[in-house]
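A.B. asks:
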Amino acid sequence: MADSDLGTSPDEVQFRFRDDETVDHGTVTVDSALEQTNATAVRIEPGDDARLLLPSLDRLALVEVNFPTFADGRGYSAARILREAGYEGELRAVGDVLVDQLSHMRRCGFDAFAPDKPLDEEDARRAFATWEDVYQSAADARKTIAELRHE
């Protein structure tokens, strides 16, 4: 895996797998995003219902999903909900993001990562490359082993 396979990263974002411009302004809460028709960046906290954002997906350039503790997996569900609903903007995992979660987060649709503590880049490279073949479909649209068998 080449260095470029870890993406590019502005400021606090350690890994970013997008070619578009990075959103350079702060995020608002889900409640505020629902009240403001000009909000383009939102932060989902644990307990927020990502489905509330579905009518606004076309105007959102960035959705941050906060992981205050690595043991809280609700952010994975929020990511899947948004990606399966067609969200194409940046989906950034922030907070207590650990290296062993990276491949799973990518499968759920995250394309940017801003961990509280910087991750070792070699460990991250290995984590992103883990499980070349997959059994279940996910937001990353990789073909499953069953689909590959029937090509």
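Numbering-wise (the numbering used here), the sequence shown opens with residue 1134 and increments by one.
Even glycine gets a Cβ: it sits at the ideal position worked out from N, Cα and C.
Being a predicted model, the structure only gives us computed values, none of them experimental.
Would you kindly work out how many angstroms separate the C-alpha atoms of Q1169 and E1280, rounded to a whole number?
C.D. replies: One C-alpha to the other measures close to 43 Å.
A.B. asks: Can you check which of these residues, V1146, R1149, A1211, is closest to V1163 by C-alpha distance?
C.D. replies: Per the Cα distances, A1211.
A.B. asks: Does any C-beta atom of chain D lie closer than 8 Å to the C-beta of V1227?
C.D. replies: Although the question refers to chain D, the structure presented lacks it and comprises just one protein chain.
A.B. asks: Pick from F1203, L1185, T1202, D1256: whose alpha carbon is nearest that of V1196?
C.D. replies: The shortest C-alpha separation from V1196 is found at L1185.
A.B. asks: The alpha helix (DSSP H) that contains A1262, what's its start and end?
C.D. replies: Unbroken alpha helix (DSSP H) run through A1262: 1254-1262.
A.B. asks: Which partner residues of A1245 appear in the DSSP bridge assignment?
C.D. replies: A1245 is bridged to R1149, R1225.
A.B. asks: Need the endpoints of the alpha helix (DSSP H) that V1163 sits in, please.
C.D. replies: Segment 1163-1168, the alpha helix (DSSP H) holding V1163.
A.B. asks: Helix, strand or coil: which one does DSSP assign to V1175?
C.D. replies: Three-state result, V1175: strand.
A.B. asks: In whole angstroms, what separates the C-alpha of N1171 from that of D1181?
C.D. replies: For N1171 and D1181, the distance between alpha carbons rounds to 20 Å.
A.B. asks: What does V1267 pair with, by DSSP beta-bridge criteria?
C.D. replies: DSSP, once it has assigned bridges, lists T1277 as partnering V1267.
A.B. asks: So, for N1199: in the same chain, excluding its five sequence neighbours on each side, which residues have a beta-carbon less than 8 Å away from its beta-carbon?
C.D. replies: Cβ neighbours of N1199 beyond the five flanking positions: R1176, I1177, E1178, P1179, G1208, V1227, G1228.
A.B. asks: Rounded to whole angstroms, what is the Cα-Cα separation between D1244 and D1152?
C.D. replies: C-alpha separation (whole angstroms): 11 Å.
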